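Protein chains: 2
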Amino acid sequence: MTKDIFKGLALLLFVSCVSGSLQAQTVAKHLKSNDKQLLEEYVQFLAIPNVSTDTVNIRRNADFIVEMMKRKGIEAELLSGITAGVTPAVFGEIKTPGATKSIGFYAHYDGQPVNPKQWHEGLKPFEPVLITAPLENGGKIIGPYKKGGEINQEWRISGRGAADDKAGVMAILNAYDALVKTGRKLNVNIKFLFEGEEEVGSIHLDEIFKRNKQKLQADCWVIIDGPRHVSGRKTIVYGVRGDVNMALTVYGAKRPLHSGNYGNWAPNPALKLAHLLSSMKDENGKVLINGFYDDIIPLTASEKKALSQIPDQDALLKKELGVHTPESPDRSLIEGIMLPTLNINGMQSANVGPLASNVIPTKAEAMLDLRLVKGNDYKNQAEKVIAHIKGEGYHVINGEPTEEERSKYPNLIRIELKHGYNAQRTPMDLPIAQSIQTAVQSTTKEPLVLIPSMGGSLPLYLFEEILGSKVIAVPIVNYDNNQHAENENVKINYLWEGIETIAAIMQIR
Amino acid sequence: MTKDIFKGLALLLFVSCVSGSLQAQTVAKHLKSNDKQLLEEYVQFLAIPNVSTDTVNIRRNADFIVEMMKRKGIEAELLSGITAGVTPAVFGEIKTPGATKSIGFYAHYDGQPVNPKQWHEGLKPFEPVLITAPLENGGKIIGPYKKGGEINQEWRISGRGAADDKAGVMAILNAYDALVKTGRKLNVNIKFLFEGEEEVGSIHLDEIFKRNKQKLQADCWVIIDGPRHVSGRKTIVYGVRGDVNMALTVYGAKRPLHSGNYGNWAPNPALKLAHLLSSMKDENGKVLINGFYDDIIPLTASEKKALSQIPDQDALLKKELGVHTPESPDRSLIEGIMLPTLNINGMQSANVGPLASNVIPTKAEAMLDLRLVKGNDYKNQAEKVIAHIKGEGYHVINGEPTEEERSKYPNLIRIELKHGYNAQRTPMDLPIAQSIQTAVQSTTKEPLVLIPSMGGSLPLYLFEEILGSKVIAVPIVNYDNNQHAENENVKINYLWEGIETIAAIMQIR
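Protein chains in written order, with my numbering: chain A, 1 to 509; chain B, 1001 to 1509.
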């Protein structure tokens, strides 16, 4: 019994360190007592493969979420788009008697593609394990979470989606559940929306919105996605960058040629691609494409002020990421985020390493990623890149080159424009924005980090344009989560703190 | 019986078309009567995987060759190097009573690495099949060769090594066999050498030569490797380019980063590599590295004359390969071959296609191939490239970057210099060179193509330097064989004509 008193004291100490208000402390205490069950359910969720294009498994994820919601007393339904066979979004709603406001919570359950070979030995995308720290920083693998097993708050769970963005689904549902279990009263209606196509550009979200407009109406949608600030402080993000990807393929000879027999004669598509990419962006990170930085809507005074108060993170990041000099040496990370980007996500021509052979490749490919800021139109921005490529002497084609095209043009490039969308930014001074800020601040003693726009992209403009709702993002996961890449992971204490944050927002008036 | 007479007439007609002298006709007739057995043995040989680094299967190839030699009455032995565990070369010798000269015949039985995914549907590297023509040009798959099955001379055999260079082993052994079976007398001693490490740079050939110097002595070694001239004419090559590969890895941040959250801040190694490669070679194929074209020993008058008589192949090649403009628009293929090259064999950073994700990659790799001409030293040539890279602001490392290196240098590159060797060129006017030319000419009515140096590389300088032998290459396979790449293939009539050519050389005095 004495032992239990100590345990209680230790718990109270733990709770008061991380949480601000008494409300938040109650939720934190509930989480601490139920952490084993929460983790157990979460690793089951992570074990279901969730690559967006894997429609069979994606549907299994949706069904799992419906079950989770039922267990928590939330009635759930699948919302489909207009197009047949669209991956459904999962919707749920809690109607609060007498409430005049509705707050929606959004997360996505699909994940980026995985190349299991690139994951660290012992880590597999869809076999979640506990790790003490990132393995590349000397972390150790604890193993799969066993029912009832001890949990260290500092450990992480590794697996695709662990951070981006099954963490969002998990935290939203458990925040509601914690409020119910601890007997807290709600003042607003709560809506839940979990999307399954975010990582392929939310290609049907507009259809789902149009078809379910009434159901999805809310005063504000709160997006639970992305990482908290590098400083570790709780973070609110008022905007996101837009995004569009372009796949480029430059062609050489029709068949791979012996680099001895044809070297100095056959055009090398890898070199051509290198020249083309070099022409797009200089060695100091400046994009050289005509008009690339035009159209940008400047920040407001409040946004500029918030920007100036964001803690400096560059020194820490440089050290942790092993970066000697950032791409643009005179610009901070946060300043760079307020500008559009042109990045190479991937590049390939024939093979390197043990598979390399002495050939002149037939083609060279690059995937470009254009991030957009408020004011940019994604189609226009891509058109500027295409105009630049044409200016470099390329004839643009839509498929593999035909005989005629080969005989007619010295430089052929295939350009596939992927689905894209524009940036979005909500004014920080709106009353609903202020309420959310107060709620999040109530869960922590440290000042919040308020970011006018985050670097990542979500199709948030749809919430404004179709639903007429405001939209604000509250990211909850650790910044070093390897989101979109191999060895993705989430810190367990960030999950618990995320739940506390969301529970506080759910209680606004 | 009448049918047989017609068959005999048709055969004679066939023989007289492709072969010049009566000697050659006898061999051709023998081949025609035995084509089924020859092909049957060859497809068995091709079915043994032969990637140079696959030591278990490489040894199976060596054992198969020993068996082939035994069946043809040639005593065979495995020659090893000084280093333990070196892939053996297969050696054999026929001593001719009263002969004062020795002619050696060399081929290699190992092949370039394979990436089965890159092969055309229905083709597998080590499951040889007959095809009517290259599949990319509308050819059809006939299927595996079945014992006793009909053979169309225009068909091809597809599989790794079919052209490069099991064709050499097959043609040499069957040339000798054809002479024995048709009762032809030899005037010189014949030596056979089949190497198993050619495609990894003949890394132990020097050891094998040093250890077996007496055994391998010959007046001239005839190298059976590489393709005949594009015109289809029979070809003699008096020299080869040297070769050295360099693997480059440019580094970005320690872990893959979300291209939204870190775009415009984290250095992108793919872009850095693009800039670096662009700085090495301009858009007209001119290498920009300091001193790259120095050290070249000019061609002699006979070599220049031979060069001027080589049939123009560029127009045909452009059409067939779908090349609108060669790398250097004002230079012919053969002129380019007389110069050193810098080619990108492969390039990779993160992923493209369905595996692409929105990351800033951690590294970008390129494999460079430097071909060398007479006068270049391969180490010097590589040093010029390294000096250029340093001049572009890179710090060169030998392994993965350490924390200290990351904190100290803005640009890190790992350079792995692969094993290389220098070019070689035998004067065309030497008596032995003249004898071989006469022998090859006796098998065809068309003028030969005499090439001072071919584009490809073989470590032929070792024959001169260690064995003190002259060395001349007689390539036998079709030029469009996809050597070193996917869908490698050899035309069946080129195999038969190759055997005829070699049989004629074996009969010189």
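Built from N, CA and C at the ideal position, the CB exists for glycine as well. As the structure is a computational prediction, the values presented were derived from the model and not from experiment.
Residue i - containing beta strand (DSSP E), residue span
i               : result
Y1251 (chain B) : 1239 to 1251
D1369 (chain B) : 1363 to 1372
V1129 (chain B) : 1129 to 1131
R396 (chain A)  : The displayed chain sequence assigns Val, not Arg, to residue 396 (chain A). Segment 395 to 397, the beta strand (DSSP E) holding V396 (chain A).
G336 (chain A)  : That residue, G336 (chain A), is in no beta strand (DSSP E); its alpha helix (DSSP H) goes 333 to 337.
I142 (chain A)  : 141 to 143
Which residues DSSP lists as bridging residue i, in chain order
i               : result
T1235 (chain B) : B:V1449
W221 (chain A)  : A:G104, A:V471
E343 (chain A)  : The residue asked about is misnamed: residue 343 (chain A) is Asn in this sequence, not Glu. DSSP lists A:D369 as partners of N343 (chain A).
F1091 (chain B) : B:E1077, B:L1193
H1324 (chain B) : DSSP, once it has assigned bridges, lists no residue as partnering H1324 (chain B).
P227 (chain A)  : A:V477
Q1424 (chain B) : B:V1240
S457 (chain A)  : A:R241
H1258 (chain B) : B:V1359
K491 (chain A)  : A:R156
R414 (chain A)  : A:T249, A:I397
Range covered by the alpha helix (DSSP H) that runs through residue i
i               : result
G1168 (chain B) : 1166 to 1181
S1279 (chain B) : 1269 to 1280
E1382 (chain B) : The question names Glu, yet the displayed sequence has Ala at residue 1382 (chain B). Per DSSP, A1382 (chain B) belongs to the alpha helix (DSSP H) from 1378 to 1391.
Residue i vs residue j beta-carbon contact at 8 Å
i               : j               : result
S370 (chain A)  : M246 (chain A)  : According to the sequence provided, residue 370 (chain A) is Leu. The question's Ser does not apply to it. Cβ distance < 8 Å, so L370 (chain A) and M246 (chain A) count as in contact.
K1272 (chain B) : V1250 (chain B) : yes
N290 (chain A)  : A387 (chain A)  : yes
D1225 (chain B) : D1295 (chain B) : no
L1046 (chain B) : G1159 (chain B) : yes
H120 (chain A)  : E195 (chain A)  : no
L462 (chain A)  : D206 (chain A)  : yes
T362 (chain A)  : P269 (chain A)  : yes
D1429 (chain B) : S1302 (chain B) : yes
P1227 (chain B) : Y1409 (chain B) : no
Y42 (chain A)   : M170 (chain A)  : yes
H1346 (chain B) : A350 (chain A)  : With the sequence shown as reference, residue 1346 (chain B) is identified as Gly, and His is not the correct amino acid for it. Going by C-beta atoms, G1346 (chain B) is nearer than 8 Å to A350 (chain A).
Burial state of residue i, where buried means 16 or more other Cβ atoms lie within 10 Å
i               : result
E404 (chain A)  : exposed
D177 (chain A)  : buried
E497 (chain A)  : buried
S1457 (chain B) : buried
Q1434 (chain B) : exposed
L1009 (chain B) : Here L1009 (chain B) scores only 38 on pLDDT, less than 50, and its place in the model should not be relied on; the value that follows carries that caveat. L1009 (chain B) is exposed by the Cβ-count criterion.
G1393 (chain B) : exposed
K3 (chain A)    : Because the pLDDT of K3 (chain A) is 37, which lies under 50, any placement of that residue in the model is unreliable, and the question is left without a value.
V1440 (chain B) : buried
D312 (chain A)  : exposed
S1308 (chain B) : exposed
Proximal residues of chain B, C-beta to C-beta of residue i below 7 Å
i              : result
G254 (chain A) : As written in the sequence, residue 254 (chain A) is Lys, which differs from the Gly given in the question. Neighbours of K254 (chain A) on chain B, chain order: E1136, L1321, G1322.
V551 (chain A) : This structure cannot settle anything about residue 551 (chain A), because the visible part of chain A is limited to 1 through 509.
G456 (chain A) : H1258, G1260, N1261
L277 (chain A) : L1271, A1274
S442 (chain A) : None at all; the shortest Cβ gap to chain B is about 27 Å.
M367 (chain A) : V1352, A1356
Chain B contact residues for residue i, given Cβ-Cβ distances below 8 Å
i              : result
Y494 (chain A) : None at all; the shortest Cβ gap to chain B is about 16 Å.
E327 (chain A) : N1264, W1265, A1266, P1267, N1268
Contact list for residue i against chain A, beta-carbon separation under 9 Å
i               : result
T1341 (chain B) : S259, G260, G263, N264
R1156 (chain B) : By Cβ distance, chain A contributes nothing, its closest Cβ being about 14 Å from R1156 (chain B), past 9 Å.
S1377 (chain B) : Looking at the sequence itself, residue 1377 (chain B) is Asp, so the reference to Ser does not match. In chain order: nothing, as chain A lies at least about 18 Å away.
Under 7 Å from the C-beta of residue i: neighbouring residues of chain A
i               : result
D1165 (chain B) : Under the 7 Å cutoff, chain A gives no residues; its nearest Cβ is about 12 Å from D1165 (chain B).
G1285 (chain B) : N264
Y1409 (chain B) : H324
K943 (chain B)  : The structure shown does not extend to residue 943 (chain B), since chain B spans only 1001 to 1509, so no value can be given for it.
Contacts that residue i makes with chain A (C-beta to C-beta distance below 8 Å)
i               : result
S1349 (chain B) : I344, G346, M347, Q348
M1506 (chain B) : Here the premise fails: no neighbours, minimum Cβ distance about 27 Å.
T1364 (chain B) : Rather than Thr, the amino acid found at residue 1364 (chain B) in this sequence is Ala. Ordered by position in chain A, the residues that pass the 8 Å Cβ test against A1364 (chain B) are M347.
G1336 (chain B) : G263, N264, W265
Partners in chain B for residue i, counting only beta-carbon separations shorter than 9 Å
i              : result
G122 (chain A) : Those within 9 Å of G122 (chain A) in chain B number zero; the least Cβ separation is about 17 Å.
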